[in-house]
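Structure record follows, encoded as structure tokens.
There are 2 protein chains.
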Amino acid sequence: MAQDMADSEEDGLDSRRVSAVLEAVAARDSARLTLLMAPLHPADVADLLEQIGTEERNDLLALWSGEIDGEILSEISDAIREDVIEALPPEVVAEAMRDLETDDVVDILEDLEEPAQAIILSALTSADRAAVERALSYPEYSAGRLMQREVVVAPAHWTVGDAIDHLRDADWLPDQFYHVILVDPRMKPVAYVTLGRLLSSRREVRLQDITEDSFRTLEATEPEADVAYVFNQYHLISCPVVDEAGRLVGVITIDDAMNVLDEEHEEDMLRLAGVGDDASVSDGVLATVKGRLPWLFINMLTANISAFVITRFEATISAVVVLAALMPIVASMGGNAGTQSLTVAVRALATRDLTSSNALRVVRREAMVGLVNGAFFAVVMGMVGWLVFGWAALGLVIGMALVINLLVAALAGVAVPLTLERLGADPALASGTFVTTLTDVVGFFAFLGLATWMLI
Amino acid sequence: MAQDMADSEEDGLDSRRVSAVLEAVAARDSARLTLLMAPLHPADVADLLEQIGTEERNDLLALWSGEIDGEILSEISDAIREDVIEALPPEVVAEAMRDLETDDVVDILEDLEEPAQAIILSALTSADRAAVERALSYPEYSAGRLMQREVVVAPAHWTVGDAIDHLRDADWLPDQFYHVILVDPRMKPVAYVTLGRLLSSRREVRLQDITEDSFRTLEATEPEADVAYVFNQYHLISCPVVDEAGRLVGVITIDDAMNVLDEEHEEDMLRLAGVGDDASVSDGVLATVKGRLPWLFINMLTANISAFVITRFEATISAVVVLAALMPIVASMGGNAGTQSLTVAVRALATRDLTSSNALRVVRREAMVGLVNGAFFAVVMGMVGWLVFGWAALGLVIGMALVINLLVAALAGVAVPLTLERLGADPALASGTFVTTLTDVVGFFAFLGLATWMLI
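Residue numbers (the working numbering), protein chains in the order written: chain A, 1 to 456; chain B, 457 to 912.
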């Protein structure tokens with residue numbers, strides 16, 4: 001069967017292949033394992049290592065370590081990369097690093113602890129080590145960490161023919177490049193030419209005459225989230241990176257920007273849910289508990305605030321015990337409406353569709369939406385309260401509490417992330433807890449307060 | 457001041473520029489408006505149109521309609537594109553469409569209603585109209601809709617020199633292309649060559665000898681979510697698209713894939729929050745209510761189930777009224793823990809890190825996490841119950857209910873999206889409501905049930 005799978009047309013990762021690999025590992029059959037792994041893309045090998053258990057992974061690495069290359073290490077998720085590197089013989093890691101360009105080495109290095117970092121740094125040539133250390137001198141999550149230092153440049157006065165001859169004579173070129181960057185004598189980038197234009201123009205054409213309007217540069221210290229935004233907003237394919245003096249120090253390509261965009265989204269989603277930023281299904285039980293428990297702890301504290309509010313109305317609940325059953329409806333509707341408006345606001349802040357220019361309009365819009373939804377559910381639940389319990393005043397209390405809570409929810413959902421953003425914090429971080437605490441407290445207080453006033 | 461702004465270095469969109477534009481619109485000063493708008497990138501013009509109010513937008517368009525081009529229309533969000541197109545004179549729309557490549561026209565067209573579609577189709581040349589109609593014959597959200605039909609191909613036996621001469625002689629080339637695709641005599645793509653390799657190789661080198669290992673093709677009917685996954689997973693920059701017979705019909709480039717990735721993320725995030733898929737801060741009040749009310753309605757129904765559970769325990773609550781204050785804590789902790797595990801699972805399904813190969817391991821891991829967190833909060837809240845209310849049995853009830861609910865939350869958080877995925881539904885859709893309904897019902901039932909058994 002291993003033979004069949006190795007020969008099969010289907011070269012992606014599916015559960016049949018994963019099972020076959022695990023069988024080969026269990027049988028310690030390294031020939032079969034090599035056959036099964038051979039057709040896999042490095043990204044699929046990385047996924048496979050993430051999906052299997054820790055013991056199986058270590059057994060697989062022991063049998064197959066010779067085949068681990070730099071590309072696989074750079075595809076592996078941060079959650080297990082350190083374990084994998086420590087499980088491999090140092091000479092395998094050293095060999096793997098030598099294949100990689102410096103930006104990939106930096107990407108691997110920055111998430112590792114000291115001992116694993118030392119293994120990798122010592123494996124590099126001194127020139128590469130210097131380049132890596134220079135990249136690490138830029139702030140974390142900056143353009144400087146993301147860029148590759150290998151650039152293809154030409155003086156602005158060259159012709160197409162000069163550029164082609166230069167490229168043909170080059171000993172070495174980056175794996176990926178999409179522009180020839182035109183630089184002035186002080187290495188300041190002034191324009192760029194796409195490879196398509198270069199190829200389709202006659203040799204005597206001057207590079208200056210076929211440059212692109214889309215040209216712009218990024219500063220090395222710019223946050224990587226801004227890099228992703230600029231690529232997505234202006235449809236860039238690659239972008240030169242400059243130092244504070246405006247000199248070219250590297251280039252960022254769209255695949256790196258796409259990766260950052262993907263991670264930023266993940267971060268927003270996980271932060272909204274109150275999970276550690278880099279939570280992953282490959283994390284172990286302890287790492288997962290460590291990521292989630294602090295948020296649950298905060299939630300416990302805020303839930304106790306709501307409980308305290310309720311205890312203030314114990315006399316009312318004793319008198320009309322059905323209130324205890326109805327009050328979670330008001331809180332839950334508020335929590336949901338708040339989460340809706342919060343999610344739209346966090347997303348709009350990330351895409352810069354929500355700015356100080358339209359904040360007031362969006363807040364007004366949310367207030368209207370809260371009132372309309374509040375009115376609708378006030379009527380529905382008010383009717384339920386009236387008809388089911390035969391008590392019109394009870395229906396009125398539910399209805400009024402819902403209008404109040406859905407209005408507060410809608411406003412808080414947009415005001416909380418806007419305020420966090422203005423304070424320089426991440427609008428996604430902890431805003432879910434803020435908003436639902438508020439809607440719980442307001443929901444219980446409005447409902448029980450109105451009930452005390454109108455029903456007792 | 458408008459003069460200053462128009463001349464200023466800063467050419468992006470900031471709130472000062474937005475205010476200046478709005479002033480010029482209010483003063484009906486079209487010369488000043490044109491000066492202010494001139495330095496803006498089409499993507500920034502689109503953002504500006506999205507951020508201002510409907511009336512201001514219509515006034516701006518009336519003053520500035522001559523300058524609206526196809527790129528601006530293709531950048532504008534779906535929420536307002538229809539309004540903008542209908543506000544413009546048909547000849548402006550027609551002119552704008554003529555600048556665009558067919559994939560951009562298709563992208564604009566597919567979200568419009570009939571009358572706006574008709575305006576655009578009639579503006580195209582008959583060749584372009586045929587190409588657009590052919591693209592629209594592919595399923596919505598498929599690779600066929602996403603691809604550009606303009607491709608750069610070469611027979612496999614050509615040399616680098618042949619390819620360069622062909623490119624230099626071409627009347628017309630796509631704006632963006634990153635590979636020359638090698639095709640067999642029946643137009644089946646067999647390999648590709650990057651432009652970088654083409655430029656750096658001597659004229660006599662055969663194309664066949666400088667092809668890339670990364671070559672793969674996509675079928676035109678493949679869903680666009682899979683296209684985005686393949687680009688992100690395998691770091692593609694462009695990818696040929698084939699019909700069912702394997703013949704080349706177009707090419708997809710990474711910027712389109714990045715766009716899809718962005719939209720898929722947005723969809724997951726909005727669906728998890730129970731907001732319509734395409735909610736945006738530019739939506740009006742009615743559109744927003746229409747997107748959110750149905751989800752709140754479902755939440756109202758499920759909240760009534762919880763309320764019904766509570767009414768079954770009215771006698772218990774009457775006897776020990778503090779239970780009414782404590783029960784929301786158990787429900788809220790469960791809801792939060794469920795959302796944490798749900799969010800991680802939905803994200804892992806989207807990135808294909810959670811598959812049938814590791815589902816069992818992930819479920820087991822979640823169960824352990826639920827038990828560990830449950831035990832921790834059982835001890836903390838148990839102590840609170842005991843010390844604050846001086847009643848050990850009450851502490852025990854809270855603790856046991858928390859362990860049960862956090863275990864259920866962790867399991868439901870991963871089981872619900874896995875089940876939806878297996879049934880062919882979107883794992884993000886409505887799973888939040890399922891999970892929190894479950895944790896509310898289980899939380900109230902466990903807490904009040906245990907209280908009835910142990911405290912009364």
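Here a beta-carbon is modelled for each residue, glycine too, at the ideal position from N, C-alpha and C.
Check your understanding: My guess is that B:MET837 and B:ILE860 are in contact by the Cβ rule of under 8 Å, so how many angstroms apart are they, rounded?
Key -> Translated into positions along the second sequence, residue 837 of chain B becomes position 381. Translated into positions along the second sequence, residue 860 of chain B becomes position 404. Not confirmed; about 13 Å, so no contact.
> Are there 16 or more other CB atoms within 10 angstroms of the CB of B:HIS613, so buried, or fewer, so exposed?
Replying inline: In the second sequence, the residue the question calls residue 613 of chain B occupies position 157. B:HIS613 should be labelled exposed.
Alpha-carbon to alpha-carbon, B:PHE903 and B:MET783 = The residue labelled residue 783 of chain B in the question sits at position 327 within the second sequence. The residue labelled residue 903 of chain B in the question sits at position 447 within the second sequence. Their backbone Cα atoms lie some 7 Å apart in a straight line.
### Message
At the level of alpha carbons, what is the spacing between B:SER464 and A:GLY432?
### Response
The residue given as residue 464 of chain B occupies position 8 in the second sequence. The residue given as residue 432 of chain A occupies position 432 in the first sequence. Below a pLDDT of 50, predicted positions are generally treated as unreliable, and B:SER464, at 43, falls in that range; the measurement from the model is reported next regardless. Using only the alpha carbons, I get a separation of about 40 Å.
Practice problem: Select from A:MET454, A:LEU88, A:ASP440 and A:GLU55 the residue whose C-alpha is nearest the C-alpha of B:ILE785. | Solution: Within the second sequence, the letter at position 329 stands for residue 785 of chain B. Among A:MET454, A:LEU88, A:ASP440 and A:GLU55, the Cα nearest to that of B:ILE785 belongs to A:ASP440.
**Asked** Whole alpha helix (DSSP H) runs in the region 6-85 of chain A with 4 or more residues, listed along the chain?
**Response** 15-26, 30-37, 42-51, 54-64 and 70-75
Exercise. Would you mind sorting B:ALA610 into buried or exposed? The rule is 16 or more other CB atoms within 10 Å of its CB.
Key: Working through the second sequence from its first residue, we reach residue 610 of chain B at position 154. B:ALA610 should be labelled buried.
**Prompt:** Which two residues bound the contiguous beta strand (DSSP E) that contains B:HIS635?
**Reply:** For the purposes of this step, residue 635 of chain B is taken as residue 179 along the second sequence, with counting starting at 1. First-last of the beta strand (DSSP E) with B:HIS635: 635-639.
Through-space distance from A:ASP262 to A:VAL346, alpha-carbon basis: Your numbering for residue 346 of chain A matches position 346 in the first sequence. Your numbering for residue 262 of chain A matches position 262 in the first sequence. Near 16 Å, if we compare the C-alpha coordinates of A:ASP262 and A:VAL346.
To be precise: take each residue of the region 829-842 of chain B, compare its Cβ to all Cβ atoms of chain A, and keep it if any distance is under 9 Å. Which residues remain? ASN829, PHE832, PHE833, VAL836, MET837 and VAL840
Exercise for the section: Report the neighbours of A:MET333 on chain B: residues whose CB is nearer than 8 Å to its CB, in chain order. Expected result: Taking the first residue of the first sequence as position 1, residue 333 of chain A is located at position 333. Those within 8 Å of A:MET333 in chain B are LEU752, ASN755, MET756 and ALA759.
task: List the residues that DSSP assigns as beta-bridge partners of A:THR194.
output: Start at 1 with the first residue of the first sequence, and residue 194 of chain A comes out as number 194. Answer is A:HIS179, bridged to A:THR194.
| message | Nearest by alpha-carbon distance to B:GLY905: which of B:SER656, B:ASP724 and B:ILE766 is it? | response | To locate residue 905 of chain B, count along the second sequence from 1; it is residue 449. B:GLY905 has its Cα closest to that of B:ILE766, out of B:SER656, B:ASP724 and B:ILE766.
Exercise. For B:LEU504, is the classification buried or exposed, using 16 other Cβ atoms within 10 angstroms of its Cβ as the cut-off for buried?
Worked result: Translated into positions along the second sequence, residue 504 of chain B becomes position 48. Result: buried.
**Asked** Which of the residues in the region 223-255 of chain A, read from start to end, lie with their CB under 8 Å from any CB of chain B?
**Response** PHE231, ASN232, GLN233, TYR234, HIS235, ILE237, ILE254 and ASP255
So A:GLU101 packs on A:GLU140, CB below 8 Å; how close in whole Å? Reading the first sequence from its first residue, position 101 is the one you call residue 101 of chain A. Reading the first sequence from its first residue, position 140 is the one you call residue 140 of chain A. Incorrect: roughly 19 Å between the Cβ atoms, too far for contact.
Review point. At what residues does the alpha helix (DSSP H) containing A:ILE398 begin and finish?
Key: In the first sequence, the residue the question calls residue 398 of chain A occupies position 398. Here the alpha helix (DSSP H) through A:ILE398 covers 392-422.
Helix or strand or just coil, what does DSSP make of B:SER738? Taking the first residue of the second sequence as 1, we reach residue 738 of chain B at position 282. Looking at B:SER738 - three-state DSSP - the assignment turns out to be coil, as it is neither helix nor strand.
### Query
Got a sec, what are the start and stop residues for the alpha helix (DSSP H) A:ILE164 sits in?
Counting from one through the first sequence, the residue named residue 164 of chain A turns up at place 164. It spans 160-169 - the alpha helix (DSSP H) in which A:ILE164 sits, taken as one unbroken run.
- Task: List the whole-angstrom C-beta distance separating B:SER762 from B:PHE671, where the pair is believed to meet the contact cut-off of C-beta under 8 Å.
- Result: If you number the second sequence from 1, residue 762 of chain B lands on position 306. If you number the second sequence from 1, residue 671 of chain B lands on position 215. 55 Å between Cβ atoms; not a contact.
query: Thinking C-beta only, is B:LEU862 closer than 8 Å to B:MET789?
result: Along the second sequence, read from residue 1 onward, the residue named residue 789 of chain B stands at position 333. Along the second sequence, read from residue 1 onward, the residue named residue 862 of chain B stands at position 406. Yes, they are a contact pair.
*asked:* Please state whether the Cβ-Cβ distance between B:VAL697 and B:VAL705 is less than 8 Å.
replied: Here the question's residue 697 of chain B lines up with position 241 in the second sequence. Here the question's residue 705 of chain B lines up with position 249 in the second sequence. Yes, these two residues count as a Cβ contact at 8 Å.
Quiz item: Apart from the five residues just before and just after A:ALA2, which ones in its own chain have a Cβ nearer than 7 Å to its Cβ?
Solution: Position 2 of the first sequence, counted from the start, is the residue given in the question as residue 2 of chain A. At A:ALA2 the pLDDT is 43, less than 50, meaning the model places this residue with poor confidence and gives no usable figure here.
* Euclidean distance between Cα positions of A:ALA430 and A:ARG352 -> Translated into the one-based positions of the first sequence, residue 430 of chain A becomes position 430. Translated into the one-based positions of the first sequence, residue 352 of chain A becomes position 352. Spanning the two alpha carbons is a distance of roughly 20 Å.
#### Entry: Opening and closing residue of the alpha helix (DSSP H) in which B:SER887 lies
In the second sequence, the residue the question calls residue 887 of chain B occupies position 431. Here the alpha helix (DSSP H) through B:SER887 covers 887-911.
- 3 or more residues per run - each beta strand (DSSP E) lying fully within the region 241-323 of chain A: 248-253
Legend entry - Beta-bridge pairing of B:VAL609 - partner residues as DSSP gives them: The count along the second sequence starts at 1 and reaches residue 609 of chain B at position 153. B:VAL609 pairs with B:ILE637.
*Indicate whether the contact test is met: 3 or more Cβ pairs, each with one atom in the region 191-200 of chain A and one in the region 612-627 of chain B, closer than 8 Å.*
yes
Original post:
Listing by chain order, which chain B residues have their CB less than 7 Å from the CB of A:PHE447?
Top reply: Indexing the first sequence from 1 puts residue 447 of chain A at position 447. Chain B residues near A:PHE447: none, gap ~12 Å exceeds 7 Å.
Cβ-based neighbour list, A:VAL180, same chain, cut-off 6 Å, excluding 5 preceding and 5 following: Taking the first residue of the first sequence as position 1, residue 180 of chain A is located at position 180. Around A:VAL180: VAL152, ALA154, ALA163 and VAL193.
Which parts of the region 544-574 of chain B are runs of the alpha helix (DSSP H), unbroken and 4 residues or longer, counting only runs that do not cross its ends? 546-554 and 558-565
Please name the residue in A:GLU244, A:HIS235 and A:PRO90 whose C-alpha comes closest to that of B:ILE710.
Taking the second sequence and counting its residues from 1, the one referred to as residue 710 of chain B is at position 254. Taking only the C-alpha atoms, the option nearest B:ILE710 is A:HIS235.
(Q) Short of 8 Å in beta carbon distance, which residues of its chain neighbour B:ALA834, apart from the five on each side in sequence? Order them along the chain. (A) Translated into the one-based positions of the second sequence, residue 834 of chain B becomes position 378. Excluding sequence neighbours, B:ALA834 sits near ILE854, GLY855, MET856, LEU858 and VAL859.
* With distances taken from CA atoms, which of B:SER582, B:VAL561, B:SER530 and B:ILE575 is nearest B:GLU547? -> Mapped onto the second sequence, residue 547 of chain B falls at position 91. The option with the nearest alpha carbon to B:GLU547 is B:ILE575.
Cross-chain neighbours of B:MET603 in chain A, by beta carbon under 9 Å
Residue mapping note: residue 603 of chain B aligns to position 147 of the second sequence, counting from 1. Chain A residues near B:MET603: none, gap ~16 Å exceeds 9 Å.
Taking its Cβ as the centre, do 16 or more other Cβ atoms sit within 10 Å of B:PHE633, making it buried, or is it exposed?
The residue given as residue 633 of chain B occupies position 177 in the second sequence. Counting Cβ neighbours within 10 Å, B:PHE633 comes out buried, since at least 16 surround it.
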